[in-house]
Each structure stands twice: as C-alpha cells, then as structure tokens.
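The listed protein sequences derive, respectively, from chains L and E.
The numbering used here numbers the first residue of the first sequence as 75 and each following residue consecutively.
The numbering used here numbers the first residue of the second sequence as 148 and each following residue consecutively.
Below you'll find the structure, written out as structure tokens, and then a few comments.
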Amino acid sequence: MAVEYLKDLAKTVRSKNAGTDRITFDIIFNNQENYNKVCSSNVITRESMAKLFNVSSDRITDFVQYNPANAIKFTISRLTPSGSPGDGDIFGSQQYAPLLDIEIPV
Amino acid sequence: MKKELRIVSPNGHLGFAPTKEGSFKIAAATKPDYYCADSGSDDIGPTALGSDRSVSMYNWQKHDLELMLLAAREQGVPMIIGSAGDTGANSRVDMYVQIIKDLAKEHNLPPFKIGYFYSEVEKEFLKNQMQNDVKIEGLDSRNDLTLEELENTKRIVAVAGVHPFIKALDLGADVVIGGRSSDVAVFAAPAIREGFPEANAYYLGKVLECASFCAEPYGAKESIIGTITHEDVKATAMHPDQRCTIASVAGHAMYERSNPYFEYFAGGMLDMTDCHYEQYDEKTCRITGYKYKPIEGKVKVKLEGAGLIGEKFIGIAGVRDPYTIENIDTVIKFVEDQVAQEFAGVEYSLNLKVFGKNGVMGDLEPVKEIKSHELAIVIEGITRDKVTAEELTLFATRQVFYCKLPEVKGTAGTAAYLIDDVLYAGQSYKWTLNHVIPVENALDLFDVRVEEVTSEQKNKVLN
Numbered sequence: 075m076a077v078e079y080l081k082d083l084a085k086t087v088r089s090k091n092a093g094t095d096r097i098t099f100d101i102i103f104n105n106q107e108n109y110n111k112v113c114s115s116n117v118i119t120r121e122s123m124a125k126l127f128n129v130s131s132d133r134i135t136d137f138v139q140y141n142p143a144n145a146i147k148f149t150i151s152r153l154t155p156s157g158s159p160g161d162g163d164i165f166g167s168q169q170y171a172p173l174l175d176i177e178i179p180v
Numbered sequence: 148m149k150k151e152l153r154i155v156s157p158n159g160h161l162g163f164a165p166t167k168e169g170s171f172k173i174a175a176a177t178k179p180d181y182y183c184a185d186s187g188s189d190d191i192g193p194t195a196l197g198s199d200r201s202v203s204m205y206n207w208q209k210h211d212l213e214l215m216l217l218a219a220r221e222q223g224v225p226m227i228i229g230s231a232g233d234t235g236a237n238s239r240v241d242m243y244v245q246i247i248k249d250l251a252k253e254h255n256l257p258p259f260k261i262g263y264f265y266s267e268v269e270k271e272f273l274k275n276q277m278q279n280d281v282k283i284e285g286l287d288s289r290n291d292l293t294l295e296e297l298e299n300t301k302r303i304v305a306v307a308g309v310h311p312f313i314k315a316l317d318l319g320a321d322v323v324i325g326g327r328s329s330d331v332a333v334f335a336a337p338a339i340r341e342g343f344p345e346a347n348a349y350y351l352g353k354v355l356e357c358a359s360f361c362a363e364p365y366g367a368k369e370s371i372i373g374t375i376t377h378e379d380v381k382a383t384a385m386h387p388d389q390r391c392t393i394a395s396v397a398g399h400a401m402y403e404r405s406n407p408y409f410e411y412f413a414g415g416m417l418d419m420t421d422c423h424y425e426q427y428d429e430k431t432c433r434i435t436g437y438k439y440k441p442i443e444g445k446v447k448v449k450l451e452g453a454g455l456i457g458e459k460f461i462g463i464a465g466v467r468d469p470y471t472i473e474n475i476d477t478v479i480k481f482v483e484d485q486v487a488q489e490f491a492g493v494e495y496s497l498n499l500k501v502f503g504k505n506g507v508m509g510d511l512e513p514v515k516e517i518k519s520h521e522l523a524i525v526i527e528g529i530t531r532d533k534v535t536a537e538e539l540t541l542f543a544t545r546q547v548f549y550c551k552l553p554e555v556k557g558t559a560g561t562a563a564y565l566i567d568d569v570l571y572a573g574q575s576y577k578w579t580l581n582h583v584i585p586v587e588n589a590l591d592l593f594d595v596r597v598e599e600v601t602s603e604q605k606n607k608v609l610n
C-alpha cells in the first residue's frame, strides 16, 4: 500500500506548553480531505502517540479530533513542570519532530 | 450603546521581541477604539517570577509601550497592558508605570490618568486561608497545595480576570498597566465594560491574545485588529501579506491549551465547541457560536508560584571521538557515579544533556540510534550555595574529560572545551503553584490604583 508522510499532508505540526505542566501538540490540515484521510487511517490515536513518545497512555491528558479547525490535538503531561532542573525545552516548542515522518496509508 | 468596538493587538507578548512598526502603523491609521497587549506568560519558565526580573530587554519593552502610548494618547483612546514585564509581579508593574511616566515626560504629553494593579499574593495570606480550611485546588492533575509546598515558594502571583481592568477603567484610567492577568481578560475587559456580550468579549480576547499568530502566513509581532459587535467577532490581519483565514483563526483557538474547546479564566469559561468560522473578506475571518459559562459558586482565581531550587552553573563539553560517541551513555554514567561519590551527602541536581542524542526531548525521544559524528554535552549543576554549585558543575565537566573508555585511542582527554571553566547560570526555580483559590469577590487579590500623569512628573495619587 502507498503511504504519504504526515508532514506532506499537514499544514502545521507544532508543540507548545499548555500551562506549566503540559505540552500540547497540534496537527492542522489545510483542507478537510487531508484531515479526513488522516483521521480515518486511524494511525494517529491516543495509544499510538503514547507509544511514539514512550509514555504511558494516561500521560496523554487530552486527545481530540477538532473538526472546526481540521486539526488533531493531543496533550502530554510533563513529569516535572516546565523550566525545572533538567528541562531541555522550556517552551515545549520542539517536541513535535517525531510526528513529521508518520506514515499514513493511502 | 456602541454597535462595534475595534481593538488593536500589536504583539502577543509585548517586549519579548520588538513589535513590527509597519503593520502597527497601518492598524493605528484606522483609528481603533483601544490599544491592548498582553506582556507576559508562564511559558518563560519559573525563574523570572522567582528571581523577580524580566526575561525581555528593557529597551524592547519601552519601544513597544512607546508605540502604543503615543498612538493611544494622540487619538485619545485607552491603552491596556496585561501581565506587565513578563511575569506581572509587583516590581514589573512599577517598572511599566515608570516607563509610561518617563515616556510622557520625553514626549511632553498632555496629562492623562494611569491605572495599575498589583497581583502578588503573600504567602502568609495563603497560609491563613489554608489554616481556615480553604482548599487551594491543584490544576492539571496537581495535588491540592500543601503548607510544605507553600513554604518552598518564593513569589506568587494571582492571575486576574477582567475585574481589575474594568475597575481601573471605571476610575477613569486612560492607560492601564496590569499585574499578572489572563490573556483574554486584557481584551475582554473593555468590551464587557462597553456592554458587549461576555461570550463575544472573551472570544475576542482569545483570538487577539497572540496578535498575528492567528493570521497566515506565519509572521510574529505583527498587528491585528479584532472587531466585536453584538452578533459576532471578526479578526483582521494588518500586515499587507497576512490574512486571517478560517484555518489560521480556528487553528489558533487551540494554541497553548490542552483542549481546543474550553478556555478558563477567573469567573468562568468560554466554550468553543460550536464555533463557526467564515471568511468575511480577504483579510478577515468572522467567528460566531461561542458560549460563555459563568462559574457556579465562588469565583476561583488561578495562582502561579515559583520556588527556589538553588544556584545553577553550566559546563559545555564537545565529543568527537567515534568510539566515545557510540558509548556516550557509559560516559554519562561514569560522570554521574564520580559526582555521586565526590558529593555524597550534598543535596544537588546534576543533569547531563547530550545534544546530538536526546538533548531536546529527553525521555520522549523516539530515536534511539544516533548517527551524529559529534555531540555536545551540556552539564547543568544546581546546589543551594553558589560555591558548591560551581564545584559540582566543574567537577562533572572535568570528569567528562577524564572518562577513559578502554578502546579509545586518544588518551589526552575525552572532551573538547569551549572554555575550561563553567558558566554561572543564575538561580534555578521550579513552578510550585499552578492552583486556584476561591474568593468572595473577584477583586479581592488585586490592588487597583489610579494616578494622574503629567509631563512635569507632579503625580498625584487619586485613589
């Protein structure tokens, strides 16, 4: 089966703090067609994201397919708050990179 | 009653990087009703709040305030700033009020009234509340506040809703400098005060809080204008190349929030589940369908607090030897073990971050096998006192140099140094409070004042 990469289907793939204790991930599509394609592929789920980021699924506090914005959004709780000793990404803005190469069967 | 109100948002975090003047001037030329900007964030980490400083350059903050003040005073319309100076702490409010006074003098502005409010909350007050069985509830899966965690806290700010802004405007303020505030409140307050529906006003705040982040293509620090009517909210990009589109505005609603549907603030919540977005004109998106849900029972005000961890130093070591790179985890463990022996009995935090491996993502990093031909190890050492912190970090950084893996051919040193000592990185803090406290009155934690500013600097306290 042919595949397409998420980075080619999505317009925006980003991560950012949602408050001091969580990092939220946004995958935003330019059109409903690509959004539906990715949603219906069932490749991006709460479970698959937990696996990708090596976290237990209860650390994914929210997982939403957000139709008004053609977007998929999920949020991971931090083990310690942002900016604590050892935090390498105070803004949480560079955690999205592993999403780019996710393969979506088409 | 006004049919519509137009608010300029020039910068999503005033002063963090300077506002772009081109799109601001285009916005100002349309003669808006208010100039509003948020100036703070908890994104910057706990250290600025803990150590009572800004993370932005004074000159950038003054630049942005100057742009807004001159336009607002020339046009005779109010200017409102929230979360002054990155943290909204009292010293930051005082700094912004002083900048406004200095600017008034520099530009010989006609007299005007400045309103400001403080947001800091005393530990003793919270302690008394807790001893009177007031529950200070944790947000985002945190436990309720304990006396111990409170004791570990250096500085606390309460996050204001619209209430202190409205009070300052009611007292006649032409310029309002807010302490720590909810982003949406900065924009919602004037709209609510002028009689627009709360749902529309809070959505206006939601869409304007980050300025051009809700427009496309990406371009930070550009101005946008939000227009509120009794029926809808419209967002219009001001930069000639930017547009507010359905995708950019709908996408922005979920920015920096765990969940795209709900926005919480002191007094209630904005429900965006049924939001409807439409392209109104080329540069404008029209939004309807949001709902305001006031809180049942007492208003809850969010508290942010930072607690001191200790003094921090940073060491930097580069590694180029291929066998060492392959076995970098052994090197890290060697260093950690050496430090554990040398500093037995000392309370410390040591973090060796390997850039080129998982320096950015740490445990979240899915890539386990690396192909880097060189690595940087950043050694972060923290202890209570500065001398020990320096010793700890320098010792750890030197241990990278002395870690001799048996198969390595080079025997003169395992690390490449940019500098052969370590760098003081200031005090290190941790977010100790991300909680809410119930209050009798939404103004309870905020001390609102108004003064007259004259260019002669003969300021008289009016309230």
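Glycine is no exception: its CB is placed at the ideal position from the N, C-alpha and C atoms.
Residue environment for E/F272: exposed (fewer than 16 other C-beta atoms within 10 angstroms of its C-beta). For E/G223 against E/S186, the beta-carbon gap comes to about 23 Å, at or over 8 Å, which does not count as contact. Per DSSP, E/G414 has no beta-bridge partner at all. Closest by C-alpha distance to L/A171, out of E/I517, E/D568, E/L511 and E/R531, is E/L511. The beta-bridge partner set that DSSP reports for E/H423 consists of E/T435. The beta carbon of E/R404 lies closer than 7 Å to those of E410 in the same chain, with the five residues before and after it left out. E/H582 is bridged by DSSP to E/G285 and E/L450. Per DSSP, reduced to three states, the secondary structure at E/Y470 is helical. Sorting E/D532, E/F502 and E/S198 by C-alpha distance to the C-alpha of E/Y495 places E/D532 at the top.
Rounded to the nearest angstrom, the Cβ distance from E/K368 to E/T166 is 5 Å, consistent with a contact under 8 Å. Unbroken alpha helix (DSSP H) stretches of 4 residues or longer found wholly inside the stretch 107–149 of chain L: 120–126, given in chain order.
In this structure, the straight-line span from the alpha carbon of E/F163 to that of E/V323 is close to 19 Å. Counting along the chain, E/Y265 sits inside the beta strand (DSSP E) bounded by residues F259 to Y265. Counting only runs of at least 3 residues, the stretch 380–412 of chain E fully encloses the following beta strand (DSSP E) elements, listed from N- to C-terminal order: 380–384 and 409–412. DSSP, reduced to helix, strand and coil, places L/Y170 outside both helices and strands of the structure shown, so it counts as coil.
Take the alpha-carbon of E/N290 and the one of E/S602: they are about 50 Å apart.
DSSP, reduced to helix, strand and coil, places E/E168 within a helical segment of the structure shown. Here the stretch 153–169 of chain L lies against the stretch 86–105 of chain L, with 3 or more beta-carbon pairs under 8 Å apart. E/I227: member of the beta strand (DSSP E) spanning M226 to D233, first to last residue. Look at the stretch 126–148 of chain L: the residues with a C-beta under 8 Å from a C-beta of chain E are L126, F127, N128, V129, T135, D136, V138, Y140, P142, A143, N144, A145 and K147. Counting only the Cα atoms, E/H310 lies some 16 Å from E/K440. The shortest CA-to-CA distance from E/N237 to any of E/E269, E/F259 and E/P225 is the one to E/E269. For L/D82, no chain E residue has a Cβ inside 7 Å of its Cβ, as the nearest lies near 17 Å away. Considering only E/K515, E/P157, E/S575 and E/Y427, the residue with the shortest C-alpha distance to E/D379 is E/Y427. Think of a sphere of 7 Å around the beta carbon of L/R96: the chain E residues whose beta carbon falls inside it are D287 and S405, in chain order. According to the DSSP assignment, E/S198 belongs to the alpha helix (DSSP H) that extends over T194 to S198. Looking at the backbone, the Cα of L/P159 and that of E/G285 are separated by about 21 Å. Per DSSP, E/N158 lies in no alpha helix (DSSP H) and is assigned neither H nor E. Contact between the stretch 199–208 of chain E and the stretch 351–363 of chain E is absent, with fewer than three C-beta pairs closer than 8 Å. With distances taken between CA atoms, E/T540 lies nearest to E/F490 out of E/S170, E/F490 and E/K172.
Neighbourhood of E/K577 in chain L, by CB distance below 9 Å: T154, P155, G157, S158 and P159, in chain order.
Residue pairing for E/C183: DSSP places it in a beta bridge opposite E/I227. The alpha-carbon separation between L/F127 and E/P513 amounts to approximately 6 Å.
Secondary structure note for E/Y350: its alpha helix (DSSP H) is the uninterrupted segment E345 to L355. Taking a C-beta cut-off of 7 Å against chain L, the contacting residues of the stretch 490–506 of chain E are S496, N498, K500 and G506, listed in chain order. By the beta-carbon neighbour count (other beta carbons within 10 angstroms, threshold 16), L/T154 is exposed.
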